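Note that the numbering used here has the sequence shown beginning at 4, numbered continuously upward. All C-beta atoms, glycine included, are put in the ideal place defined by N, C-alpha and C. Treat the numbers as computed from the prediction; the structure is a model and nothing was measured.
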Amino acid sequence: TTRIADNTAEARTLLLSRARSGAPPDPAKGVMPEQIPEKDARAMFASFAGPEVIYDPHSHFRYRGGIDMKVHIADLPGNAYQMVTNSWGMRELENPEDGVGSPCLVGTGDSHTDGVCDAAQSWPNLIEAALRARPGGAEARVWNSGFGGYSFYEYLGTLRRCRELHPKLFVVCSYAGNDYLDVIRPWAYFERRESPQVPEQPMKAVLRESLRTPQAVSQCLQQAVYFRELPQLVEVAVRTAARVCRELAAEASADGCIALFVHLPCAADVQRERYANVFGPACERLGLSDEQLDISLRLGDAWIERLRASGLPVLDLRPAFRAESQELYWPSDHHINLRGQELVAEAVLAWLAEQPRETVLAGVEIGR
Numbered sequence: 004t005t006r007i008a009d010n011t012a013e014a015r016t017l018l019l020s021r022a023r024s025g026a027p028p029d030p031a032k033g034v035m036p037e038q039i040p041e042k043d044a045r046a047m048f049a050s051f052a053g054p055e056v057i058y059d060p061h062s063h064f065r066y067r068g069g070i071d072m073k074v075h076i077a078d079l080p081g082n083a084y085q086m087v088t089n090s091w092g093m094r095e096l097e098n099p100e101d102g103v104g105s106p107c108l109v110g111t112g113d114s115h116t117d118g119v120c121d122a123a124q125s126w127p128n129l130i131e132a133a134l135r136a137r138p139g140g141a142e143a144r145v146w147n148s149g150f151g152g153y154s155f156y157e158y159l160g161t162l163r164r165c166r167e168l169h170p171k172l173f174v175v176c177s178y179a180g181n182d183y184l185d186v187i188r189p190w191a192y193f194e195r196r197e198s199p200q201v202p203e204q205p206m207k208a209v210l211r212e213s214l215r216t217p218q219a220v221s222q223c224l225q226q227a228v229y230f231r232e233l234p235q236l237v238e239v240a241v242r243t244a245a246r247v248c249r250e251l252a253a254e255a256s257a258d259g260c261i262a263l264f265v266h267l268p269c270a271a272d273v274q275r276e277r278y279a280n281v282f283g284p285a286c287e288r289l290g291l292s293d294e295q296l297d298i299s300l301r302l303g304d305a306w307i308e309r310l311r312a313s314g315l316p317v318l319d320l321r322p323a324f325r326a327e328s329q330e331l332y333w334p335s336d337h338h339i340n341l342r343g344q345e346l347v348a349e350a351v352l353a354w355l356a357e358q359p360r361e362t363v364l365a366g367v368e369i370g371r
C-alpha cells in the first residue's frame with residue numbers, strides 16, 4: 004500500500020501563504036481551475052513518501068510506470084501480492100498504447116481500488132474479465148486508475164488525465180473512511196483558505212496509535228478524530244465532495260462518457276463487531292465514542308443524497324456489505340479483501356445490466 008509521510012507543517016505553511024495572497028477564486032472557473040505545481044503538490048500531499056510515486060499535473064500524484072515488486076501482507080494468500088504498474092502508472096499488466104479497448108471503461112478510487120491484491124483481483128479487472136466472457140465483449144477494457152491517497156479532486160484529475168482514452172464509463176469508487184478528510188487540503192488550496200488543524204494533543208494520540216496499526220487507523224479513525232475536533236468542516240467536506248462530483252460528471256458527459264459513483268463503506272460502518280479487537284481499544288485510547296465513529300455513515304448519507312438530488316447515479320454498497328456472512332476486509336489493515344473486491348464488481352455489473360446497451364457497452368451482451 005502507499006507509504007505516507009507527515010508533511011503537516013509544510014502543508015500548513017503553503018496554505019497559509021496562499022490564503023494571505025492572491026485573488027479570491029472565481030466560481031465560474033470551476034472547482035479545480037488550475038494545475039497544482041509539483042512543488043506545491045509535494046508540500047500538500049502525504050503520498051510522496053517513496054520513489055514509486057511521482058507528480059502528475061492532473062491527479063497531483065500517481066505511481067510511476069514499470070513497477071514490479073512483491074508487497075508482503077500477512078493476511079493475504081501467500082502472504083504477499085505482486086505490485087505491478089503499466090506505462091501510465093495504472094495497476095495493470097497491459098498498456099493503453101497497445102489498445103484502449105472497445106468499449107473502454109475506467110475505474111478510479113483510493114487504495115481500496117488500487118487494491119491490496121494482484122492486479123487481476125481488483126474490482127476494475129474483475130469487471131473486465133466478466134465483460135470479456137460475454138458475447139461481443141472480447142475487446143472490452145476496464146482500466147484501474149486508483150491510487151492510495153486519492154480523493155474527490157484526484158478523481159476529477161484522473162478523468163482529465165484519461166480523457167484521451169475516450170472511456171464510455173468512468174466509475175468513481177469513493178471510500179467513506181477517509182475521502183472526506185482528504186478533500187480538505189485541496190479545497191483550502193483552491194479556495195485560498197487556511198486549512199484548520201486538529202489540536203496538537205489529539206493528533207499526537209492518533210499518530211501514536213497509527214504506529215501500532217498504521218493502515219487500519221488511517222482507514223477511518225483519523226477522519227473521525229478530525230471531524231470530532233473540527234465539526235464545522237463536516238458541511239464543507241460534503242458540499243465540496245458533491246460539487247467536485249457534479250463537475251466531474253459534467254466534464255465526462257461533455258466527452259460522451261457516463262460517470263457512475265460508488266459509495267464504498269469502511270469496516271467500522273458495516274462490520275464493526277468483526278473487528279472489535281482493533282476498534283474497541285483504539286477508540287478507547289483516542290476517546291472516540293460510537294457516535295463519533297459513525298461520522299463516515301453520516302458523511303456518506305449526505306454525499307449520496309446530494310448526488311442523487313442532482314440526478315447522478317450512485318451505488319450504495321452498505322446493504323450488500325452488511326448482508327455478507329464473511330469478513331470483507333483484511334484484518335491487519337482493513338482494506339477490502341478479495342470478496343470485497345468481488346462485491347464492488349458485482350454491483351457495477353448489475354448496474355450495467357440495467358442500462359440500455361448502446362449507452363455504455365456498445366454491443367456487449369450482459370443479462371439482467
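Going by beta carbons, V265 and A365 fall outside the 8 Å limit. Under DSSP, the beta-bridge partners assigned to H63 are D59.
By the 16-neighbour rule on beta-carbons within 10 angstroms, S177 is buried. Around the beta carbon of G160, 16 or more other beta carbons lie within 10 angstroms, which makes this residue buried. Taking the CA atoms as reference points, V237 sits about 20 Å from A22. Rounded to the nearest angstrom, the gap between the Cα atoms of P27 and H63 is 22 Å.
Counting the other Cβ atoms within 10 Å of the Cβ of T88 gives 16 or more, which makes it buried. Inside the region 143 to 200, DSSP marks whole alpha helix (DSSP H) runs of 4 or more residues at positions 155 to 164, 182 to 185 and 187 to 194, from first to last along the chain.
Taken atom to atom, the span from the alpha-carbon of C165 to that of L108 is near 10 Å.
In the DSSP assignment, G343 falls within the alpha helix (DSSP H) that extends over L341 to A356. Contact check for F230 against I298 passes: the beta carbons are separated by less than 8 Å.
A Cβ-Cβ contact shorter than 8 Å links V367 with G140. With contacts defined by Cβ atoms closer than 8 Å, S198 and Q344 do not form a contacting pair. One alpha carbon belongs to M72, the other to E97, and they sit about 16 Å apart. The C-alpha of R309 lies about 42 Å from the C-alpha of G81. Linking L302 to D182 through their CA atoms gives a straight-line distance of about 10 Å. With a contact defined as Cβ atoms closer than 8 Å, P268 and F324 qualify at about 6 Å.
Membership of F264 in the beta strand (DSSP E) is indicated by the continuous run I261 to L267. Between L291 and V228, the C-beta spacing is below 8 Å. Judged by beta-carbon spacing, E250 lies within the 8 Å limit of G33, meaning their Cβ atoms are closer than that value. For H75, the pairing in a beta bridge is given by DSSP as A83. Across the set P60, G152 and R135, the C-alpha of G152 shows the shortest separation from the C-alpha of D113. Using a Cβ distance threshold of 8 Å, I130 and A348 count as a contacting pair. Where T111 is concerned, there is no enclosing alpha helix (DSSP H), although the beta strand (DSSP E) around it starts and stops at C107 to G112. With contacts defined by Cβ atoms closer than 8 Å, H337 and Q222 form a contacting pair. Around the Cβ of K171, a 10 Å sphere holds 16 or more other Cβ atoms; the residue is buried. Residues E55, V56, I57, T88, G92, M93, R94 and F150 of the same chain have their beta carbon placed closer than 8 Å to that of Y66, with the five preceding and five following residues left out of the count. In its chain, beyond the 5 residues on either side, I187 and W190 have a beta carbon closer than 8 Å to the beta carbon of V239.
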